[in-house]
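K.L.:
In terms of UniProt numbering, the sequence shown opens at residue 1 and continues consecutively. Okay, handing you the structure first.
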Amino acid sequence: MQKVLVTGAGGFIGSHLTEELVRQGFQVRAFVHYNSNNRWGWLDHTEEIVKKEIDVFPGDVRDPYGVKEAMKGYDTVLHLAALIAIPYSYHSPSTYVDTNIKGTLNVLQAARELGVQKIVHTSTSEVYGTARCVPIKEEHPLQGQSPYSATKIGADQLALSFYHSFQTPVAIIRPFNTYGPRQSARAVIPTIITQIAKGQNTIKLGALHPTRDFNYVKDTVAGFISVARSKEALGQVINIGSNYEISIKETTELIAEVMGTSVEIVSEEQRLRPEKSEVERLWADNSKAYELLNWKPNYAGREGLKKGLTETAQWIIGNLNSYKTSIYNI
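Structure (structure tokens):
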């Protein structure tokens, strides 16, 4: 692994991953979503010493020709480009099919034709749906409880089909709920932090009882690089999670604690998922990642989560103008 292409490089996780790859000495091409203002997402905000080392390729993952052109000359592809917001997938599911499934097909087909040495495809813990048994192992049944998760299941299976059918060198990383600096307020942790930072004592959320396994972005990035480096990861699906389960209500209370305040929490109708679409419980079994990759989270357990929330809150407070705290972000 010497020359690495990252799709979705301008996004939350993608930008952190791109920066870390540069710092570790890799030659990195960042595939970002084309726009006429030539904005590179969060890569616009990275430090200049890192930014000057990145080869930025504007394009659209839905375009097979641009995808193949971007991949030429690169031996490893970390494929993160996707639509990820669950509420938006309820009213625009077709865009999720085009981006998440067809976009992944474009990456896989180009990799097959170009002889790429490794593709790391990004999955999500949402493909498991509500846990039938915990902690969740990679063999857990897949359940499409939202159009978003259904398209990610489709993309995952497509990636595995290329491995089995054509020996395309694919590995699948399945991060649980990643959080940290730069995450948008369509996710619950930034939603809570921004409301508190704006001085609101009543925090508006969706369902409070579901549990999640929150994984700090630095740990997720380390997981991506570990999967990319590992020959044993080929043909495998690997969970990247903290192995710590906490409810949304408890998470809110912990954030209030690290921000030195107390809050009232209300569940707002418009923020609720349809009843059968809500994923009630997520808790990662990360033993496979340790066995195959020697990966384990540095921000583990309650204290690790508290540390990650503190770092995230500090960053969001310093960048509060980037958030629209008065509206519900889907």
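Heads up, the beta-carbon is just placed ideally off N, CA and C, and yes, glycines get one too.
With DSSP run on the structure shown, which of helix, strand or coil describes residue 342?
P.N.:
Because the chain spans 1 through 330 in this model, residue 342 falls outside it and cannot be assessed.
K.L.:
I'd like the list of long-range same chain contacts for K276, defined as Cβ closer than 8 Å, with 5 residues on each side in sequence excluded.
P.N.:
Numbered from its first residue, the sequence shown carries residue 276 at position 276. Result list for K276: Q145, in chain order.
K.L.:
From S226, Y290, K307, pick the residue whose C-alpha is nearest to that of L78; which is it?
P.N.:
Against the sequence shown, residue 78 aligns to sequence position 78. With distances taken between Cα atoms, L78 lies closest to S226.
K.L.:
Tell me the rounded alpha-carbon separation between V56 and R302.
P.N.:
Sequence index remark: in the sequence shown, residue 56 carries index 56 (1-based). Sequence index remark: in the sequence shown, residue 302 carries index 302 (1-based). Roughly 38 Å between the two C-alpha positions.
K.L.:
Between K3 and chain E, is the shortest Cβ-Cβ distance under 8 Å, so that the two count as touching?
P.N.:
The structure shown has no chain E; it contains just one protein chain.
K.L.:
Which partner residues of E264 appear in the DSSP bridge assignment?
P.N.:
Residue 264 sits at position 264 when you count from the first residue of the sequence shown. Paired residue(s): T202.
K.L.:
Pick out whichever of N35, A300, G103 has its Cα sitting closest to the Cα of I246.
P.N.:
Translated into positions along the sequence shown, residue 246 becomes position 246. When each option's Cα is compared against that of I246, the closest is A300.
K.L.:
From the DSSP secondary-structure annotation, give me the bridge partner or partners of F31.
P.N.:
In the sequence shown, the residue the question calls residue 31 occupies position 31. In DSSP, F31 forms a bridge with T7, F57.
K.L.:
Can you say whether P190 is buried or exposed, counting buried as having 16 or more other CB atoms within 10 angstroms of its CB?
P.N.:
In the sequence shown, residue 190 corresponds to position 190, counting from 1. Label assigned to P190: buried.
K.L.:
Pick out the complete beta strand (DSSP E) segments inside the stretch 115-200, 3 residues or longer, and give them in chain order.
P.N.:
With a minimum length of 3 residues, the continuous beta strand (DSSP E) runs that stay inside the stretch 115-200 are 118-122, 170-175, 177-179.
K.L.:
Apart from the five residues just before and just after N215, which ones in its own chain have a Cβ nearer than 7 Å to its Cβ?
P.N.:
For this step, residue 215 is matched to residue 215 along the sequence shown. Taken in chain order, the residues that qualify are P175, F176, N177, T178, I240, G241, S242, P297.
K.L.:
Hey, out of D213, E311, L43, A150, whose CA is closest to I193's CA?
P.N.:
Along the sequence shown, read from residue 1 onward, the residue named residue 193 stands at position 193. The shortest C-alpha separation from I193 is found at E311.
K.L.:
Report yes or no: do the stretch 79-89 and the stretch 108-122 share at least 3 C-beta pairs separated by less than 8 Å?
P.N.:
Judged by Cβ distances under 8 Å, the stretch 79-89 makes contact with the stretch 108-122, as three or more pairs qualify.
K.L.:
State the DSSP-derived secondary structure class of V237, mapped to helix, strand or coil.
P.N.:
For the purposes of this step, residue 237 is taken as the residue at position 237 of the sequence shown. V237 falls in the strand class under three-state DSSP.
K.L.:
According to DSSP, is A207 helix, strand or coil?
P.N.:
Reading the sequence shown from its first residue, position 207 is the one you call residue 207. DSSP places A207 in coil when its eight states are reduced to three.
K.L.:
Report back the beta-carbon spacing between T252 and I265 to the nearest angstrom; my notes put them in contact at under 8 Å.
P.N.:
Counting from one through the sequence shown, the residue named residue 252 turns up at place 252. Counting from one through the sequence shown, the residue named residue 265 turns up at place 265. Their Cβ separation, rounded to whole angstroms, is 5 Å, which keeps T252 and I265 in contact under 8 Å.
K.L.:
Please determine if the stretch 122-136 and the stretch 278-295 are in contact, where contact requires at least 3 C-beta pairs separated by less than 8 Å.
P.N.:
With the cut-off at 8 Å, the stretch 122-136 and the stretch 278-295 touch.
K.L.:
To the nearest angstrom, how far is it from the Cα of P58 to the Cα of T261?
P.N.:
Working through the sequence shown from its first residue, we reach residue 58 at position 58. Working through the sequence shown from its first residue, we reach residue 261 at position 261. So the alpha carbons of these two residues sit roughly 43 Å apart.
K.L.:
Does DSSP classify I86 as helix, strand or coil?
P.N.:
Indexing the sequence shown from 1 puts residue 86 at position 86. In this structure, I86 counts as helix in the three-state DSSP scheme.
K.L.:
From G199, N294, K288, pick the residue whose C-alpha is nearest to that of E138; which is it?
P.N.:
Translated into the one-based positions of the sequence shown, residue 138 becomes position 138. Per the Cα distances, K288.
K.L.:
Do you know how far the Cα of A155 is from the Cα of T205?
P.N.:
Numbered from 1 along the sequence shown, position 205 holds the residue referred to as residue 205. Numbered from 1 along the sequence shown, position 155 holds the residue referred to as residue 155. The displayed chain sequence assigns Leu, not Thr, to residue 205. C-alpha separation (whole angstroms): 30 Å.
K.L.:
Under the three-state reduction of DSSP, which class applies to L108: helix, strand or coil?
P.N.:
Within the sequence shown, residue 108 is the residue found at index 108, counting from 1. The answer is helix: DSSP assigns L108 an H, G or I state.
K.L.:
Is the CB-CB distance between Y74 and L21 below 8 Å?
P.N.:
Your numbering for residue 74 matches position 74 in the sequence shown. Your numbering for residue 21 matches position 21 in the sequence shown. No, Cβ-Cβ distance for Y74 and L21 is not below 8 Å.
K.L.:
Are the CB atoms of I238 and I172 within a distance shorter than 8 Å?
P.N.:
Looking up residue 172 in the sequence shown gives position 172. Looking up residue 238 in the sequence shown gives position 238. Their beta carbons are under 8 Å apart, which means I172 touches I238 by this criterion.
K.L.:
Run through the stretch 245-302 for me and flag every whole beta strand (DSSP E) of 3 or more residues, listed as ranges in chain order.
P.N.:
Listed in chain order, the complete beta strand (DSSP E) runs (minimum 3 residues) inside the stretch 245-302 are 264-267.
K.L.:
Report buried or exposed for I54, applying the criterion of at least 16 other Cβ atoms within 10 angstroms of its Cβ.
P.N.:
Taking the sequence shown and counting its residues from 1, one reaches residue 54 at position 54. Per the 10 Å Cβ criterion, buried.
K.L.:
Please report the straight-line C-alpha distance between V67 and T7, rounded to a whole angstrom.
P.N.:
As a first step, residue 67 must be located in the sequence shown, where it is residue number 67. As a first step, residue 7 must be located in the sequence shown, where it is residue number 7. Cα-Cα distance, rounded: 9 Å.
K.L.:
Please work out which residues of its chain come closer than 7 Å, Cβ to Cβ, to K152, disregarding the five sequence neighbours upstream and downstream, and give them in chain order.
P.N.:
Along the sequence shown, one-based indexing puts residue 152 at 152. Once the five neighbours on either side are set aside, the close Cβ partners of K152 are N100, S123, T124, E126, V127.
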